[in-house]
Amino acid sequence: MKVALGGSDTDAPHIPVLGREAVGFLNVRDGGVYIDGTFGAGGYTRMILDAAPDAHVIGIDRDQSAVARGADLVQHAAGRLTLVEDRFSHLDDVARECGATVVDGIVLDIGVSSMQLDQAERGFSFRFDGPLDMRMSKDGPSAADVVAKASERDLADIIYRLGEERHSRAVARAIVKARAETPIRTTAQLASLVASVVRAKPNDIHPATRTFQALRIFVNDELGELTAALVAAERILKPGGRLAIVSFHSLEDRIVKSYLASRGETRAGSRHMPDVARSEARFATLTKKPVVAGDEEIAHNPRARSAKLRAAERTAAPPLDGDLDGLLPPLPSLDDVMRGR
Numbered sequence: 010m011k012v013a014l015g016g017s018d019t020d021a022p023h024i025p026v027l028g029r030e031a032v033g034f035l036n037v038r039d040g041g042v043y044i045d046g047t048f049g050a051g052g053y054t055r056m057i058l059d060a061a062p063d064a065h066v067i068g069i070d071r072d073q074s075a076v077a078r079g080a081d082l083v084q085h086a087a088g089r090l091t092l093v094e095d096r097f098s099h100l101d102d103v104a105r106e107c108g109a110t111v112v113d114g115i116v117l118d119i120g121v122s123s124m125q126l127d128q129a130e131r132g133f134s135f136r137f138d139g140p141l142d143m144r145m146s147k148d149g150p151s152a153a154d155v156v157a158k159a160s161e162r163d164l165a166d167i168i169y170r171l172g173e174e175r176h177s178r179a180v181a182r183a184i185v186k187a188r189a190e191t192p193i194r195t196t197a198q199l200a201s202l203v204a205s206v207v208r209a210k211p212n213d214i215h216p217a218t219r220t221f222q223a224l225r226i227f228v229n230d231e232l233g234e235l236t237a238a239l240v241a242a243e244r245i246l247k248p249g250g251r252l253a254i255v256s257f258h259s260l261e262d263r264i265v266k267s268y269l270a271s272r273g274e275t276r277a278g279s280r281h282m283p284d285v286a287r288s289e290a291r292f293a294t295l296t297k298k299p300v301v302a303g304d305e306e307i308a309h310n311p312r313a314r315s316a317k318l319r320a321a322e323r324t325a326a327p328p329l330d331g332d333l334d335g336l337l338p339p340l341p342s343l344d345d346v347m348r349g350r
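Positions in the sequence shown are counted from 1; adding 9 to them yields this note's numbering.
Here it is as structure tokens:
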């Protein structure tokens with residue numbers, strides 16, 4: 010989650026939640042190559058560039074507007090920053106295309122940025138009425154497309170598993186009934202519809218919060234992207250290279266925690282296969298418990314309250330592909346939903 014503090018791209022930095030802590034774990038040094046896999050407003054990238062005068066950064070963002078806004082920082086970095094429009098799940102391929110066969114550190118800030126939330130036309134938030142879009146990039150089906158095409162059962166599963174909404178079945182029924190009469194195309198329409206079936210207690214979050222979150226995660230395949238990015242990081246980090254991940258959702262943190270735990274175990278070989286490569290740990294965990302924001306940071310930015318930072322160091326063991334069973338919740342693919350499975 011990046012937080013804009015105002016000003017121009019060069020004189021008023023954007024401070025990401027737990028940014029100093031995350032970059033601190035990277036142990037930035039001169040000559041090192043680092044990946045900021047979720048460039049956003051460039052907060053992590055600035056901190057990395059400032060930490061060592063000869064550090065180089067490969068910045069990645071799937072949001073075309075974020076890449077365009079980073080042009081001034083690219084110029085200001087004077088050859089130390091390469092900015093690429095792509096998904097962070099491709100970070101190893103992007104690094105190689107930029108000439109880096111291995112990298113010294115990777116930082117990821119999972120989820121939507123405050124800038125995206127504040128742009129009504131992006132459709133991420135019900136605070137502003139706008140098109141029900143929610144796409145981080147410009148391609149693929151939008152949230153409105155999913156709401157229009159998904160079956161009642163799939164809608165309920167998506168909202169329950171990705172939004173942890175207890176009333177997911179009631180929300181799904183209401184959506185299917187409403188769309189039969191009028192297409193649901195705006196954030197205000199959906200928020201009002203959800204609020205009609207989910208009753209909020211005083212001082213509770215808006216009734217539509219969990220539904221919007223679920224649709225955003227589903228439309229952008231955020232959990233699948235995260236899982237693929239973890240595997241890509243394992244492939245491209247050099248021995249001793251560092252990985253730092255800030256997440257804002259319990260499902261995201263659970264995936265990171267489970268992945269690092271599985272890659273950090275020293276597993277004994279069986280009597281049938283005593284020398285299998287799986288016995289070697291791929292990561293050494295640097296955070297026994299997740300690092301969380303302090304009171305001062307939360308007071309400045311309430312969104313920091315849910316942030317969790319986990320970090321790990323790559324070992325010399327060769328990367329292990331696959332072995333991702335159980336990390337992702339059982340859900341239909343976006344393609345399946347759009348085909349009306």
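C-beta atoms are modelled at their ideal positions from N, C-alpha and C, and glycine is treated no differently.
Measure how close the beta-carbons of residue i and residue j come, nearest whole angstrom, since I'm counting them as under 8 Å.
| i | j | result |
| --- | --- | --- |
| residue 297 | residue 256 | The Cβ separation is near 17 Å, so there is no contact. |
| residue 151 | residue 238 | Residue 151 to residue 238, Cβ: 23 Å. No contact. |
| residue 44 | residue 112 | 6 Å |
| residue 236 | residue 264 | 6 Å |
| residue 95 | residue 62 | With 8 Å as the limit, residue 95 and residue 62 do not qualify as a contact, their Cβ atoms being about 27 Å apart. |
| residue 33 | residue 52 | That pair is no contact at about 14 Å. |
| residue 208 | residue 36 | About 49 Å; that fails the 8 Å criterion. |
| residue 306 | residue 26 | 7 Å |
| residue 346 | residue 158 | 6 Å |
| residue 323 | residue 247 | 7 Å |
| residue 294 | residue 321 | 5 Å |
Quick check on this structure: which residue in the options has the alpha carbon closest to the alpha carbon of residue i?
| i | options | result |
| --- | --- | --- |
| residue 166 | 157, 227, 109 | 227 |
| residue 86 | 110, 58, 272 | 58 |
| residue 205 | 176, 212, 73 | 176 |
| residue 153 | 213, 192, 174 | 192 |
| residue 101 | 348, 291, 245 | 245 |
| residue 139 | 147, 164, 198 | 198 |
| residue 148 | 55, 311, 229, 258 | 229 |
| residue 223 | 105, 55, 164 | 164 |
| residue 220 | 240, 211, 249, 155 | 155 |
| residue 67 | 60, 77, 47 | 47 |
| residue 200 | 141, 185, 240 | 141 |
| residue 249 | 54, 343, 56, 327 | 327 |
In whole angstroms, what separates the C-alpha of residue i from that of residue j?
| i | j | result |
| --- | --- | --- |
| residue 325 | residue 218 | 43 Å |
| residue 303 | residue 79 | 29 Å |
| residue 270 | residue 162 | 33 Å |
| residue 335 | residue 309 | 37 Å |
| residue 292 | residue 330 | 14 Å |
| residue 349 | residue 189 | 15 Å |
| residue 2 | residue 42 | One cannot answer for residue 2 here, as it falls past the ends of the chain, which runs 10 to 350. |
| residue 341 | residue 160 | 11 Å |
| residue 31 | residue 81 | 24 Å |
| residue 168 | residue 272 | 30 Å |
| residue 144 | residue 73 | 11 Å |
| residue 173 | residue 103 | 34 Å |
| residue 266 | residue 213 | 28 Å |
| residue 170 | residue 338 | 7 Å |
| residue 289 | residue 299 | 24 Å |
| residue 181 | residue 196 | 16 Å |
| residue 107 | residue 76 | 16 Å |
| residue 54 | residue 60 | 10 Å |
| residue 333 | residue 315 | 25 Å |
| residue 311 | residue 105 | 38 Å |
| residue 56 | residue 211 | 40 Å |
Near residue i, what residues of its chain come up, given a Cβ to Cβ distance below 7 Å and the 5 sequence neighbours on each side ignored?
| i | result |
| --- | --- |
| residue 83 | 90, 92 |
| residue 282 | Confidence at residue 282 is low in this model, with a pLDDT of 46, below 50, so the placement of that residue should be treated as unreliable; the coordinate-derived value is given next. Once the five neighbours on either side are set aside, residue 282 has no close Cβ partner at all. |
| residue 194 | 140, 141, 153 |
If I measure Cβ to Cβ from residue i and keep anything under 6 Å in the same chain, skipping five residues before and after, which residues do I get?
| i | result |
| --- | --- |
| residue 202 | 183, 187 |
| residue 242 | 115, 252 |
| residue 109 | 42 |
| residue 216 | 203, 204, 207, 209 |
| residue 65 | 42, 89 |
| residue 18 | Because the pLDDT at residue 18 is just 40, under 50, the model does not fix this residue reliably, and the value given afterwards should be weighed accordingly. Once the five neighbours on either side are set aside, the close Cβ partners of residue 18 are 81, 82. |
| residue 146 | 71 |
| residue 268 | 239 |
| residue 185 | 161 |
Beta-carbon within less than 8 Å of residue i's beta-carbon, same chain only, minus the 5 sequence neighbours each way: which residues are those?
| i | result |
| --- | --- |
| residue 261 | 119, 120, 231, 232, 235 |
| residue 179 | 206, 207 |
| residue 259 | 173 |
| residue 343 | 149, 150, 155, 227, 228, 230 |
Subject >> Start-end ranges of the alpha helix (DSSP H) lying completely within the segment 204-281, minimum 4 residues >> reply: 218-228, 231-245, 259-273
**OP:** Taking only runs that begin and end inside the segment 21-89, name each unbroken alpha helix (DSSP H) of 4 or more residues, in chain order.
**Re:** Segments of the alpha helix (DSSP H) lying fully in the segment 21-89: 28-35, 52-60, 73-78, 80-86.
Subject >> Minimum length 3: unbroken beta strand (DSSP E) runs contained in the segment 89-123 >> reply: Entirely contained in the segment 89-123, the beta strand (DSSP E) runs reaching 3 residues are, in chain order, 90-94, 112-118.
**OP:** Could you pull out every unbroken beta strand (DSSP E) segment of at least 3 residues lying fully inside the segment 286-321, listed in chain order?
**Re:** 292-294
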